[in-house]
Amino acid sequence: MDRDLVLPTWAKEWTSRTHVGLYYASTLIFAVLSITAVVLGLQALIHLRACRTDILKDPSSRMALFAACNKRVRSITKSQLFVAAAFATHAFVLYSVDVAICMAAIWNDASENSDRYTSSLAIELAHDAVGIAAATLAACVIFPLAQVFLFGALLARSQRRLNPEATLAAYIPEARIMTTHLGQLWSMMAFCLVAYWPTFERTVLRLSLAEAAFATAMVWLHLSYRLTFREDLVAGVLEGSPHSALEKQTLLLFSGSTIANSLPTYDAINRSESVRGEKQEV
C-alpha cells in the first residue's frame, strides 16, 4: 500500500517525534526514572556490601544477617520493579497513541477514497499482515523465551560449579535482582525506541525492535514480580529441584504453576455432587 495519508499538524509532529511537548515530556520522564533507578541500584549495592562485611565480622550469625539483608534488598527491588513498570507503561501509552493516529488516518482515507480500496489492495494488505505477524511472533514469543531458558541454563551451570548440593530455591535472591535489572533495561529500551524513533521511519524494523524490547521487558518483569511478591510460593515450587529439572522448573515459574498446584486432586473431591439440584453418584 503506497498512499500518502493526511494527518493533522499535531499528529504529523507526534509521529515524526518533532512535537516539542512530547520531546520534553519524554526526556523528563526518562531522566526522572533513570535517576531513580540508579539511586535504588546504588542503595541496594551499599546494603549488599554492608551485609558482606557484617557476615565476615560475625560468621556465627550468618543466616540471621543474610535474612535481614535479603529483606532490605527485597524492599528496594520492589521499588525498582515499579520504576521498570513505569517505563513500560509510558512506552505502551506512546505506542497506543501512535496506533490510534494511524488507524484514524486510514479510516478517514478509506471513507473519502473508497474506490481506491479494491480487492487487490486487500490481498496485498493480507500478504503484508502475514509477514508482520511472523515478525511479531518471533519478537514477542521466541526471543523473550529464548532469553529465559538461556538465563536458566546459566543459573544451572553456576549451581553445578559452585554448589552442586543446593536446590534452585537457594538462588531466588540472586535471580530476583538479576531479573529485575534485566526488566528495567529492556523496558527502558522499549521506552526510548517508542519515544524517540519516528513512527514512519523504517516502520517494520522499528515495530519489530519495539515489540521485542517490550515483550522481553514484560517477561522479565513477570519473573521479577513472582520472585519478589510470591517468593514463598516460588520457593515451594523450586525446593528440592535439582539442576537437571531446570527446563521444567523454568517453565513452571513462568507459567504460574502455583495455580495448578492449588487445584484439588481427584481423591480430595467428594464422591457425590449436585447437578441442577439432583444428587449424582460418581
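Quick note on the numbering used here: the sequence shown kicks off at 1 and runs consecutively.
All C-beta atoms, glycine included, are put in the ideal place defined by N, C-alpha and C.
- Task: Name the residue from 91, 92, 41 whose alpha carbon lies nearest to the alpha carbon of residue 74.
- Result: 41
(message) Across the region 31-49 and the region 64-83, are there enough close Cβ pairs to call them in contact, namely three or more that are closer than 8 Å?
(response) yes
- prompt: Where does the unbroken alpha helix (DSSP H) through residue 115 begin, and where does it stop?
  reply: Taken as a continuous stretch (DSSP letters only), residue 115 belongs to no alpha helix (DSSP H), as it is neither H nor E.
- Under the three-state reduction of DSSP, which class applies to residue 198: helix, strand or coil? coil
Could you tell me the alpha carbon to alpha carbon distance between residue 99 and residue 155, rounded to whole angstroms? 39 Å
Three-pair Cβ contact test at 8 Å for the region 127-141 versus the region 211-223: yes
Item to complete: Evaluate residue 14 with the Cβ neighbour count: other Cβ atoms within 10 Å of its Cβ, from every protein chain shown; 16 or more gives buried, anything less gives exposed.
Response: buried
Discussion item. What does the alpha-carbon distance come out to for the pair residue 91 and residue 58?
Written reply: 46 Å
| said: Is the separation between the beta-carbon of residue 31 and that of residue 80 shorter than 8 Å? | reply: no
- Task: Quick one: which unbroken alpha helix (DSSP H) runs of 4-plus residues sit fully inside the region 61-148? Chain order, please.
- Result: 62-112, 119-137
request  = To the nearest angstrom, report how far apart residue 298 and residue 126 are at their CA atoms.
outcome  = Summary: the structure shown does not reach residue 298, with the chain confined to residues 1 through 282, and so no result is reported for it.
**OP:** Take the Cβ of residue 263 as the centre, count every other Cβ of all protein chains shown within 10 Å, and call the residue buried at 16 or more, exposed below.
**Re:** Confidence at residue 263 is low in this model, with a pLDDT of 41, below 50, so the placement of that residue should be treated as unreliable; the coordinate-derived value is given next. Counting Cβ neighbours within 10 Å, residue 263 comes out exposed, since fewer than 16 surround it.
Hey, out of 28, 220, 146, whose CA is closest to residue 84's CA? 220
Alpha carbon to alpha carbon, what distance is there between residue 180 and residue 241?
For residue 241, the predicted model reports a pLDDT of 49, less than 50, meaning its position is unreliable; a value from the coordinates is still stated below. Distance between the alpha carbons of residue 241 and residue 180: 23 Å.
So what does DSSP say about residue 19, is it helix, strand or coil?
coil
query = Are the beta-carbon atoms belonging to residue 87 and residue 33 less than 8 Å from one another?
reply = yes
If I'm right that residue 175 touches residue 227 with Cβ under 8 Å, what's the distance once you round it to whole angstroms?
6 Å
**Under 8 Å between C-beta atoms of residue 11 and residue 106** = no
Q. How would you call residue 198, buried or exposed, if buried means at least 16 neighbouring beta carbons within 10 angstroms?
A. exposed
| field | Sub-8 Å separation of residue 48 and residue 69 beta-carbons | value | yes
> Which class does residue 39 belong to by DSSP, given the choice of helix, strand or coil?
Replying inline: helix
With C-beta atoms as the reference, is residue 296 less than 8 Å away from residue 153? Residue 296 lies beyond the stretch modelled for the chain, which goes from 1 to 282, so this question has no answer here.
For residue 16 and residue 196, believed in contact at Cβ under 8 Å, the rounded distance: Contact flag wrong, Cβ pair sits at about 11 Å.
Residue range of the unbroken alpha helix (DSSP H) whose run includes residue 223 = 203-229
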